[in-house]
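Take a look at the structure below.
Numbering (the numbering used here), first residue to last: 10 to 415.
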């Protein structure tokens, strides 16, 4: 058997992306026992670091061991009892995912939709909340399937006015777009590492407000094998997943350190380094870097004569959708980029499958050389495939953004 060997890909799709080198280094650290004081100290530090990443004072801020979808499932399965109403506004693939997970919790799921490439006006969501009167609003902030960024700033106040809990999945957007948990009155957030945070998939940072904690604590249950006399029975229905049982996970991360699972230490080391890197560079600087990279990529594809997808007023900074020209074989272009230039860009799903490329500029790859290399290579592949364009204009347009000329 040969050692692992992968080609040197530059991952410029919608995620995952190339990890920051410091994250990979951290993940090579040797293990200690899960209750070693050094380990629990780092767990506490990770909680504090992610309070700063999420811009929150929430005590219950920790990691779910699993991909970003694990965080979504933990939030929804723990909150929603069978028959509870939930409203899911859908503007892309991942709104459909939230609805499916809520359905699997036997919730009464209500959806509203806008065409892919658009986002919701807050009044549309408030009207639906008034009509449906759900327990929970569940919405994606950034949906990479459409590259759109849903404004959240007004939704927290709307939810509080109607006594509705407010959950969002910010996996694709956090770190590259503004996110304010407390200021926006968001009750539960879950994310992944593999986008703007610059790590691998496999850990899902999460933060919960006191309101959300009170909700899930009503369903708290302690396994028989570890239950002590002071543990009380829940008043609500038992959470249907043991692994994604948030009260048990909170007890594991809390002072009691009540055993639930064995923490994925290597992922914790990586998640810690993702947060340290972001906070060391500075949140404002990281946001600015993503905005520059996103604007440069957008200007570059437009200079090639390609048409961006969707409402650009609501585009995520870290990924751009591009209409595949009618006379171009989109998959052949992606294949050549990958196998000749070692650059990956993405296609999309559902109604956009085969119609749109998605080009990411996030995390470690939100930098000038990666943007210019991608644009130059895409231009070359398109030109050789017979697409008419002016050579060099894409890179010139991107460099103009970086130099402040546009």
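Even glycine gets a Cβ: it sits at the ideal position worked out from N, Cα and C.
Note that the structure is predicted; figures quoted are calculated from it, not measured.
One thing to note: residue 319 has its Cβ no nearer than 8 Å to the Cβ of residue 309.
It is roughly 19 Å from the alpha-carbon of residue 207 to the alpha-carbon of residue 306. With respect to residue 243, residue 228 sits close: the two C-beta atoms are nearer than 8 Å. Counted as a single uninterrupted DSSP element, the stretch harbouring residue 77 is not any beta strand (DSSP E) but the alpha helix (DSSP H) occupying residues 77 to 88. Between the stretch 269 to 279 and the stretch 65 to 81, the count of Cβ pairs shorter than 8 Å is three or higher; the stretches touch. Residue 367 holds the alpha-carbon nearest to the alpha-carbon of residue 333 among 350, 367 and 325. In the three-state DSSP reduction, residue 193 falls in the coil class, being neither helix nor strand. Around the beta carbon of residue 241, a 10 Å sphere encloses fewer than 16 other beta carbons of the protein chains shown; the residue is thus reported as exposed. In the DSSP secondary-structure assignment, residue 355 is bridged to 367. Under the three-state reduction of DSSP output, residue 305 falls in the helix class. In the DSSP assignment, residue 286 falls within the alpha helix (DSSP H) that extends over 274 to 290. Between the alpha carbons of residue 364 and residue 338 lies a gap of roughly 10 Å. By the CB criterion at 8 Å, residue 118 and residue 95 fall inside the cutoff.
Within its own chain, the residues whose Cβ lies closer than 7 Å to the Cβ of residue 165, once the five positions on either side in sequence are excluded, are 175, 193, 194 and 195, listed in chain order.
Cβ contact annotation for residue 135 (same chain, cutoff 7 Å, sequence separation greater than five): 167, in chain order. Around the CB of residue 345, 16 or more other CB atoms lie within 10 Å, so the residue is classed as buried. In the DSSP secondary-structure assignment, residue 212 is bridged to 74.
The Cβ atoms of residue 355 and residue 22 sit closer than 8 Å to each other. The continuous beta strand (DSSP E) containing residue 98 extends over residues 94 to 99. Non-local C-beta neighbours of residue 58 in its own chain, meaning closer than 6 Å and more than five positions away in sequence, comprise 284, ordered along the chain. Remark: C-beta atoms of residue 246 and residue 91 approach each other more closely than 8 Å. Pairing residue 139 with residue 171, the inter-Cα distance amounts to about 7 Å.
Distance from the Cα of residue 252 is smallest, within the candidate group 302, 387, 103 and 87, for 87. The DSSP-derived three-state label of residue 345 is helix. Looking only at 265, 250, 405 and 321, the smallest Cα-Cα distance to residue 237 is reached by 265.
8 Å or more divides the Cβ of residue 141 from the Cβ of residue 97. In the same chain as residue 36, and ignoring 5 residues on each side of it, the C-beta atoms closer than 7 Å to its own belong to 275, 278 and 279, in chain order. Per the C-alpha coordinates, the member of 182, 19, 10 and 50 positioned closest to residue 263 is 50.
Rounded to the nearest whole angstrom, the CA to CA distance from residue 314 to residue 131 is 34 Å. Rounded to whole angstroms, the gap between the alpha carbons of residue 257 and residue 25 is 30 Å. Spatial neighbours of residue 372 in its own chain (CB-CB distance under 6 Å, excluding positions within 5 residues in sequence) are listed in chain order as 26, 205 and 207.
Within its own chain, the residues whose Cβ lies closer than 6 Å to the Cβ of residue 282, once the five positions on either side in sequence are excluded, are 31, 32 and 35, listed in chain order.
Here residue 154 carries a coil assignment [DSSP, helix/strand/coil]. Within the same chain, and ignoring the five residues on either side of residue 303 in sequence, the residues whose Cβ sits closer than 7 Å to its Cβ are 326, 327, 329 and 370. Residues of the same chain with a CB within less than 8 Å of the CB of residue 17, apart from the 5 flanking positions on each side, are 351 in chain order. When the Cα atoms are used, residue 103 and residue 223 turn out to be separated by approximately 27 Å.
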